[in-house]
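Asker: Residue numbers (my numbering): 351 to 498. We treat Cβ as the ideally placed atom computed from N, Cα and C, and that holds for glycine. No experiment lies behind these values; they were computed from the predicted model shown.
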């Protein structure tokens, strides 16, 4: 079963269980998927879907920090609940050490030598680690590897 099918089934289950908050979050995710499909005239595969989920999770984390700074605990709770629903659809993430090892291998393979090669290394790392590692962790690992 593809990830998109699993999300659709979860939406149906949330409807049956009358879980309105969970249903709203899942519908938002499916709307983002449909938007990408319409805008780019493509069928979203699991890799692209994970990227969409990553983007939505990043938005929730940013919102949580902003709402916490403003003292809006009610909105922090709402965003945290949505974050928990979205995180279910992400694959298991690599540890920082595993990311650093893979980035070191990519740097060696490309023959990158300094900060000027960051774009080239990040492009290869994004292709290799997209969906299984958080891009902020990958970026930090690339910076560290190129600084040596």
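1) Look up residue 420 in the DSSP assignment and say whether it is helix, strand or coil.
2) Do the stretch 370–381 and the stretch 398–410 make contact, defined as three or more Cβ pairs closer than 8 Å?
3) Kindly indicate which three-state DSSP category residue 483 falls into: helix, strand or coil?
4) Go through its chain and collect everything with a Cβ distance to residue 474's Cβ below 7 Å, but skip five positions before and after it.
5) Suppose the cutoff is 8 Å on Cβ atoms and the five residues either side in sequence are ignored; what does the same chain contact list for residue 426 look like?
6) With a threshold of 16 other CB atoms inside 10 Å of the CB of residue 360, please say whether the residue is buried or exposed.
7) In chain order, which continuous runs of the alpha helix (DSSP H) of length 4 or greater are located wholly inside the stretch 357–410?
8) Who are the near neighbours of residue 394 in its chain, counting only those whose CB is closer than 8 Å to its CB and skipping five residues on each side?
9) Considering only residues of the same chain and omitting the five flanking positions on each side of residue 458, which have a CB-CB separation below 8 Å?
10) For the stretch 442–487, which segments carrying the alpha helix (DSSP H) assignment without a break, of at least 4 residues, lie completely within its bounds, in sequence order?
11) Using beta-carbon positions only, say whether residue 494 and residue 449 come within less than 8 Å of one another.
12) For residue 433 and residue 410, which I take to be in contact (beta-carbon distance under 8 Å), what is that distance rounded to the nearest angstrom?
13) Using the rule of at least 16 other Cβ atoms within 10 Å of the residue's Cβ for burial, across every protein chain shown, is residue 398 buried or exposed?
14) Can residue 496 and residue 471 be called in contact, C-beta distance under 8 Å?
15) Do residue 454 and residue 487 have their C-beta atoms closer together than 8 Å?
Answerer: From the atom records:
1) Here residue 420 carries a coil assignment [DSSP, helix/strand/coil].
2) yes
3) strand
4) Hits under 7 Å: 456 and 460.
5) 414, 417 and 418
6) When all chains shown are included, residue 360 counts as buried.
7) Runs of the alpha helix (DSSP H) lying entirely within the stretch 357–410 and spanning at least 4 residues, in chain order: 370–390.
8) 354, 383, 386, 387 and 402
9) Cβ contact annotation for residue 458 (same chain, cutoff 8 Å, sequence separation greater than five): none.
10) 446–460 and 468–479
11) no
12) 4 Å
13) buried
14) yes
15) no
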